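Mapped onto the UniProt record's numbering, the consecutive letters of the sequence shown carry residue numbers 1 to 410. The structure under discussion appears below in the form of structure tokens.
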Amino acid sequence: MNDNYWKESKLEFRKIFDVINEVYKTSNSIIKYVENLDKMYKNLLNYKTNDKNLLYFGLNTFYFQIRFLQSQYEDSKRQFVFLLNHLYADYYKLYKLIIYHVESGSDENLKQKINIEPTFPVYDDLSPYTQYKESDIISLHDFILKILEIIDIENDEFAKSNSINDLQNNHSNGIPIANFIHGLTHEQSIMDEYINLYKHYLEFFQNFYNDECVTYKIKLENLFQHIKDHAPLDSNPLLKKICKISDCSNKTYLNTEYCNMHYKIYKSSSSSDEDEEDIIYTLDKVIDNKEYLKKEEEKIKLDRQEIFIEQEAEEKAKKDAEEKAKKDAEEKAKQEDELKATQEAETKSTQEAETKAKKEAETKAKQEAELKAKKQSEEKSKQEAEEKTKQEANEKTKQVLNNIRKQNMK
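What follows is the structure, given as structure tokens:
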């Protein structure tokens with residue numbers, strides 16, 4: 001086989017990871033996009049309102065949308081992890097198959113040339129979502145190619161050192177080595193078939209996983225476009241209200257009491273010189289409101305902390321409730337299983353007792369019937385014996401009477 005084939009196989013395999021890297025880039029873009037949506041949601045929680053319950057209720061759908069889009073991405077990501085896991089599985093199992101054939105062969109020279117030393121992470125069929133390093137997958141693929149290339153070269157050297165044509169000529173000249181020639185031809189053809197078989201496996205894996213990765217890449221890009229279409233950031237007016245004050249702690253302008261006051265003061269302090277009295281009044285107003293502004297900023301920070309604390313408390317309560325419900329469900333299922341097992345045991349015991357009682361009753365009835373039959377048989381035998389004795393006595397009496405009559409007649 002051409003040496004270029006193995007080099008081309010390496011390059012073709014790298015193309016799969018080019019697609020995978022594009023998938024990772026799109027994944028990072030989705031993560032950042034969802035994070036920006038989440039920041040927008042948290043900023044909206046600071047919006048000025050007299051009723052926080054209405055604020056939470058009004059933003060609940062937006063919060064759900066963010067989590068829903070996030071869950072769509074997580075589900076998609078889980079599928080891709082599953083795909084990459086199986087990619088490693090196929091190449092690892094092919095590697096083990098090749099090693100098995102090499103070690104079970106009798107060519108010690110080939111074993112020494114291959115020198116099977118590398119150890120790769122063992123694939124676990126029971127962990128289909130384990131992520132394996134890109135470097136391990138590439139090293140495994142390269143090592144498989146290295147083994148096959150050595151086998152291929154060894155096969156070529158075997159063919160050159162054992163010229164079938166020369167042996168065939170000797171056979172034609174009368175030397176009986178036909179079986180020897182057939183044996184060598186068979187051995188060489190087996191090696192060729194093994195190489196072709198492994199080559200087919202590699203090409204199949206290459207095409208299959210490249211197609212699947214490209215398909216997933218397109219699917220992920222469509223998901224990203226779907227997220228941008230249903231939750232646009234570029235044309236969102238909330239992101240355009242950027243505070244113009246360089247030292248603003250919020251950066252994003254929101255309709256909050258602090259932002260309104262901050263903006264008015266900034267606007268007043270940066271206005272053009274129209275009237276000296278107005279300027280003095282405005283500057284005084286700025287000075288007078290500095291303390292108030294500071295208090296409002298502290299108040300906003302506290303409100304934010306309270307909101308985040310409330311959210312964390314709600315999430316914790318929800319999580320605790322879910323865990324409790326899960327634990328209760330498991331406990332209930334356990335109790336139901338125990339109750340079912342107890343009922344089955346009781347039913348089984350009852351059935352066994354009934355069966356035993358039935359058998360005992362049948363045995364007793366049988367014994368009574370046998371005893372009754374025995375008594376009847378004995379009674380009948382006794383009656384027959386008495387009848388026989390009576391008949392014999394009658395016969396004897398008759399004979400005596402007959403003898404007496406005969407004597408009297410004489």
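Think of the CB as a built atom: it goes at the ideal place given N, C-alpha and C, for glycine as much as any other residue. The model shown is predicted, which means the values in this text are computed figures rather than measured ones.
If we count the other Cβ atoms within 10 Å of its Cβ and call it buried at 16 or more, is Asn222 buried or exposed?
-> exposed
To the nearest angstrom, how far is it from the Cα of Tyr5 to the Cα of Gln206?
-> 14 Å
Which residue's Cα is closest to the Cα of Leu126: Ser27, His86, Leu145 and Ile150?
-> His86
Boundaries (first-last residue) of the alpha helix (DSSP H) holding Val102 = Lys52 to Ser104
Of the listed residues Pro121, Leu145 and Tyr129, nearest to Ser135 (C-alpha basis) = Pro121
Can you tell me whether DSSP reads Asn46 as helix, strand or coil?
-> coil
Same chain, Cβ closer than 6 Å to Val19, neighbours up to 5 away in sequence not counted | Cys213, Val214 and Lys217
Say whether the segment 90-105 touches the segment 47-63, bearing in mind that this needs 3 or more beta-carbon pairs closer than 8 Å, one atom from each stretch.
-> no
Go ahead and label Ile98 buried or exposed: buried means 16 or more other beta carbons lie within 10 angstroms of its beta carbon, across all protein chains shown.
-> buried
Own chain, CB closer than 7 Å to Phe57, minus 5 neighbours either side, in chain order | none
Using the C-alpha atoms, what's the distance from Asp229 back to Ser189?
-> 60 Å
Between Gln220 and Ser27, which are expected to be in contact by the criterion C-beta below 8 Å, what is the C-beta distance as a whole number of angstroms?
-> According to the sequence shown, residue 220 is Leu rather than Gln. That pair is a contact at about 7 Å.
Anyone know if the C-beta pair for Tyr88 and Ile144 falls short of 8 Å?
-> no
I think Tyr23 touches Leu69, with their Cβ atoms under 8 Å apart; what is that distance to the nearest whole Å?
-> First, the residue type needs correcting, since residue 23 is Val and not Tyr in the sequence shown. The Cβ separation is near 18 Å, so there is no contact.
Should Tyr198 be labelled buried (16 or more other beta-carbon atoms within 10 Å of its own) or exposed?
-> buried
Verify whether the separation of the beta carbon atoms of Glu154 and Lys113 is less than 8 Å.
-> yes
If Ile227 and Ile30 are in contact, beta carbons under 8 Å, what's the gap, nearest whole angstrom?
-> 7 Å
Going by beta carbon distance, what residues of the same chain come within less than 6 Å of Ser139, once the five residues before and after it are set aside?
-> none
Enumerated in chain order, which unbroken segments of the beta strand (DSSP E) with a length of 3 residues or greater are wholly contained in the segment 3-48?
-> none
Measure from the alpha carbon of Leu59 to the alpha carbon of each residue in Tyr73, Lys340 and Met40, then state which is nearest.
-> Met40
Local conformation of Val122 per DSSP, three classes = coil
Pick from Val81, Glu108, Glu370 and Asp124 that is closest to Gln131, judged by C-alpha positions = Val81
Nearest to Lys133 by alpha carbon, out of Ile147, Leu84, Lys146 and Asp142?
-> Leu84
Assigned secondary structure, Ala345 (DSSP; H/G/I helix, E/B strand, else coil) | helix
Straight-line Cα distance separating Asp124 from Arg14 | 24 Å
Report the rounded CA-to-CA distance for Glu203 versus Leu339, giving the unit in angstroms.
-> 57 Å
When the Cα atoms are used, what is the spatial distance from Lys318 to Lys25?
-> 33 Å
Examine the ligand NAD and report whether any of its heavy atoms sits within less than 7 Å of the Cβ of Lys390.
-> The ligand NAD is not part of the structure shown, which contains no ligands of any sort.
When the Cα atoms are used, what is the spatial distance from Tyr63 to Thr347?
-> 54 Å
Whole-number beta carbon distance between Ile195 and Ile151, since they are thought to touch under 8 Å = 6 Å
Minimum C-alpha distance to Asp211 - residue among Glu12, Lys7 and Ala373 = Glu12
So what does DSSP say about Lys390, is it helix, strand or coil?
-> helix
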